[in-house]
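Here's the structure, in structure tokens; my notes come after.
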Amino acid sequence: MNGSSFMRPAVILLFVAALAAAPFAVNQGLLFLIGIAMLQAMFALSWNLMFRYAGLASFGHAMFYGIGGYAVAAIIFHGFPLPFLLAILLSTAIGAVVAFVVALIVLQRAAGIQLAVLTLALSQLVLLFVSYTDFLGRDDGLSGLARPVLDFGFFTLDLRSPTAFYYFIMVAFALVTAGLLWFVSGRFGRVLLAVRIDSERAAFLGVDVRRKRIFVFTLAGAIASFAGALAAPWAQIISTDSMSWFNSAQPMLATLLGGAGSYWGPVIGAFGLILVNYFTRTFVGLSEFMVGGILLFVVLLAPSGIAGFFEMLRRMRNRTRTASAREHNQ
695 MNGSSFMRPA VILLFVAALA AAPFAVNQGL LFLIGIAMLQ AMFALSWNLM
745 FRYAGLASFG HAMFYGIGGY AVAAIIFHGF PLPFLLAILL STAIGAVVAF
795 VVALIVLQRA AGIQLAVLTL ALSQLVLLFV SYTDFLGRDD GLSGLARPVL
845 DFGFFTLDLR SPTAFYYFIM VAFALVTAGL LWFVSGRFGR VLLAVRIDSE
895 RAAFLGVDVR RKRIFVFTLA GAIASFAGAL AAPWAQIIST DSMSWFNSAQ
945 PMLATLLGGA GSYWGPVIGA FGLILVNYFT RTFVGLSEFM VGGILLFVVL
995 LAPSGIAGFF EMLRRMRNRT RTASAREHNQ
């Protein structure tokens, strides 16, 4: 089940319009969380890129998210004379290089649960390294990160304004989402699906399976690092929590909730998790209880996730209409 067809252009435009109108309709606290939701959605999309299109399950994906965040945070915190956009690109590139090296190591022989455990172990090693590095703030991380003012010559964008930074994140989210959709909808995406479904047959047909998986792993790491690089200045803090196993679970939970079989599933799941956390924020422990209950409901009653559930309803409605039309014609 694709699960993406229910996301018609009208629904997508309505979603974009709601995001664009958010600064005028919600308070600063909720606006901050919507920005986090967009970043988490990019993070989840990068994880599902590996899982759905290459059959790779990483349990240490937060490593790349944290690398992107720490790289840009170190540049800002220590005052390196590097323009903000270049800092973001450099942080993304560092994440991509690390992801490429990790892919060369873990994809040499590991697969399935071995891959999951190896990526988790590597992420914890990186977390341990960061927690003992003074330059990166050790366990306390780096805080008080100043948001920059972008000068494009003909106009300036003051990211010190939460609204301006929010729209900056929104544009980045739109570009990543649209670009990744274009990528997976093309020939390369179909080849990747063939690799996931039957890697031996794909190899027999001439597909370099290992190279394709390394490329996808690297791209996923780069996107996760990009999201982390934006998250650090948005929150104005970065800590080892960004690399924790709990943060690695977030894109998996979002994908499971929204639906791994749908391109839009991770986006739906990421926003759903943020909303649950927001509306249960005043009740200690209720957020975890609600998330657990919702996931249990989804696994038992809608194993294809929220996106798959709506797609099922759409197909049932179409079948009902078709049956009614046939009866009417008879």
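Heads up: the sequence shown begins at 695 in the numbering used here, then just goes up one per residue.
A virtual CB, placed ideally from N, CA and C, is assigned to each residue, including glycine.
Exercise. Residues bridged to residue 1087 by DSSP?
Worked result: Look at the range of the chain in this structure, 695 to 1024, and you will see that residue 1087 is not part of it.
Exercise. Any idea which residues DSSP pairs residue 836 with across the strands?
Worked result: 932
For this session: Take residue 765 as the anchor and find which of 912, 873, 891 and 934 has the nearest alpha-carbon.
Result: 934
Exercise. Can you tell me the Cα-Cα spacing of residue 703 and residue 1004, whole angstroms?
Worked result: 15 Å
Problem set entry | Candidates 758, 918 and 770: closest to residue 824 by CA position | 758
Problem set entry | Through-space distance from residue 955 to residue 863, alpha-carbon basis | 26 Å
For this session: Please confirm if the stretch 774–789 is in contact with the stretch 717–732, defined as three or more CB-CB distances below 8 Å between the two stretches.
Result: no
Problem set entry | Cβ-Cβ distance between residue 831 and residue 769 below 9 Å | no
Problem set entry | Bounding residues of the alpha helix (DSSP H) (the contiguous stretch that carries residue 675) | Residue 675 lies beyond the residue range present for the chain, which begins at 695 and ends at 1024; the question has no answer from this structure.
For this session: Mind the definition here: the stretch 801–819 touches the stretch 956–968 only if three or more C-beta pairs lie below 8 Å; say whether that holds.
Result: no
For this session: Specify whether the stretch 799–809 and the stretch 899–916 touch according to this definition: at least 3 beta carbon pairs, one from each stretch, less than 8 Å apart.
Result: yes
Exercise. Excluding sequence positions up to five away, which residues of its chain have a Cβ less than 7 Å from the Cβ of residue 840?
Worked result: 770
Exercise. Taking Cβ to Cβ, would you say residue 1001 is nearer than 9 Å to residue 737?
Worked result: no
Exercise. Would residue 706 be called buried (16 or more neighbouring beta carbons within 10 Å of its own) or exposed?
Worked result: exposed
For this session: Let me know the secondary structure DSSP gives residue 764 once reduced to three states.
Result: helix
For this session: Would you tell me roughly how many angstroms separate the C-alpha atoms of residue 714 and residue 940, rounded to the nearest one?
Result: 30 Å
Problem set entry | Cβ pair count under 8 Å reaching 3, the stretch 882–889 against the stretch 737–749 | yes
Exercise. My guess is that residue 755 and residue 942 are in contact by the Cβ rule of under 8 Å, so how many angstroms apart are they, rounded?
Worked result: 5 Å
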